[in-house]
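Each residue of the sequence shown is one higher than the one before, starting from 19 at the first, in the numbering used here. Here is the structure we will look at, set down as structure tokens.
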Amino acid sequence: MDKIRCATEDLPKVLFFLHRPVSTMIVTAHHNGKDNALAIGLHTLITHRPPTCGVSLTPERFSYPMIRDSKEFGVNFVTLDKAELIAYTGGCSGRKVDKFQEFGIAKEAPIKTSVPILKDAYVSYECKLIDDRPYGGHRWLVGEIVAVHYAKDAFASEKRTLDLDKYSPTLTLYPTIYTTASQDAIRHMDPKIYGTHRGPLKH
Ligand SMILES: Cc1cc2nc3c(=O)[nH]c(=O)nc-3n(C[C@H](O)[C@H](O)[C@H](O)COP(=O)(O)O)c2cc1C
19 MDKIRCATED LPKVLFFLHR PVSTMIVTAH HNGKDNALAI GLHTLITHRP PTCGVSLTPE
79 RFSYPMIRDS KEFGVNFVTL DKAELIAYTG GCSGRKVDKF QEFGIAKEAP IKTSVPILKD
139 AYVSYECKLI DDRPYGGHRW LVGEIVAVHY AKDAFASEKR TLDLDKYSPT LTLYPTIYTT
199 ASQDAIRHMD PKIYGTHRGP LKH
């Protein structure tokens with residue numbers, strides 16, 4: 019494999035293409051009677067116990083002060099056939115449009131917070147903001163996941179892996195180009211040969 023080797027300072031935007039595809043989701047917020055949603059590619063689950071996740075967003079996003087002040091946010095994963103929800107919510111600001119109304123985005127009631135849950139999401143989390151700190155031009159927001167919503171048939175297999183025949187997760191290659199993971203691409207690693215880092219799921 020021929021490789022390009024360079025300091026990041028020589029190619030400042032290199033991670034915009036190196037770090038892709040990324041699983042992309044939709045963060046929702048509710049504040050002062052208003053709902054909003056934005057696409058987020060920079061995110062991770064941080065810990066299982068307590069259940070926490072982190073999202074990175076710039077303070078210029080209309081959603082940022084909503085989350086900072088309400089101390090809550092929602093996380094919503096949609097399938098590739100609903101990728102337009104990512105493009106819609108990532109393509110304009112709640113400062114100018116009510117995205118739920120403009121794009122007819124259906125929502126469901128939360129159970130522990132006030133954040134909108136996307137009806138079309140196959141997995142959603144409700145989070146309470148527990149940390150908010152600057153990293154460069156972004157804010158790193160950490161949420162404790164206080165409730166989950168997920169499609170009953172999405173994780174129905176013995177190992178509770180996502181059923182990729184029914185639910186194709188959305189991965190972003192570029193903000194206008196989306197792809198997915200498919201059942202055909204699966205490789206099984208025999209734990210007798212490769213070991214395993216964990217025991218069976220206990221829940
Ligand atoms: C695929 C995709 C991924 C994005 N990821 C992020 C991200 O991780 N962090 C961020 O601050 N903005 C991200 N954006 C941009 C915001 O979603 C976009 O600026 C949005 O319009 C902000 O909405 P708001 O002003 O209503 O909060 C992404 C956009 C797209 C299309």
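Glycine is no exception: its CB is placed at the ideal position from the N, C-alpha and C atoms. The structure presented is a predicted model; accordingly, all values stated were derived computationally and were not measured.
message = Could you pull the DSSP bridge partners for Asn54 from this structure?
response = DSSP links Asn54 through a beta bridge to Ala47.
task = Could you check which residue in Thr179, Trp158, Ala47, Val160 has the C-alpha nearest to that of Gln201?
result = Among Thr179, Trp158, Ala47, Val160, the Cα nearest to that of Gln201 belongs to Thr179.
inquiry  = Just to confirm before moving on: does the CB-CB distance between Met84 and Ala127 stay below 8 Å?
reply    = At a Cβ-Cβ threshold of 8 Å, Met84 and Ala127 do not count as neighbours.
message = Mapping the DSSP letters down to three states, classify Leu191 as helix, strand or coil.
response = Strand at Leu191.
message = Suppose contacts are defined by Cβ-Cβ distances below 8 Å. Is Thr70 in contact with Glu144 by that definition?
response = Between Thr70 and Glu144, the C-beta spacing is not below 8 Å.
Any 3 or more C-beta pairs closer than 8 Å across the segment 185-204 and the segment 34-50 = Contact holds: three or more Cβ-Cβ distances are below 8 Å.
inquiry  = Does the distance between the C-beta of Phe80 and the nearest non-hydrogen atom of ligand 1 fall short of 7 Å?
reply    = Taking non-hydrogen atoms of ligand 1 into account, the C-beta of Phe80 is found less than 7 Å away from one of them.
key: Beta-carbon gap between Thr107 and Lys114 smaller than 8 Å   = If you check the CB distance, Thr107 and Lys114 do not come in under 8 Å.
query = If Val133 and Glu90 are in contact, beta carbons under 8 Å, what's the gap, nearest whole angstrom?
reply = By a beta-carbon distance limit of 8 Å, Val133 contacts Glu90. Their separation comes to about 5 Å.
inquiry  = Using only CA atoms, which one of Tyr82, Ile64, Ile58 lies nearest to Phe95?
reply    = Ranked by Cα distance from Phe95, the options Tyr82, Ile64, Ile58 are led by Ile58.
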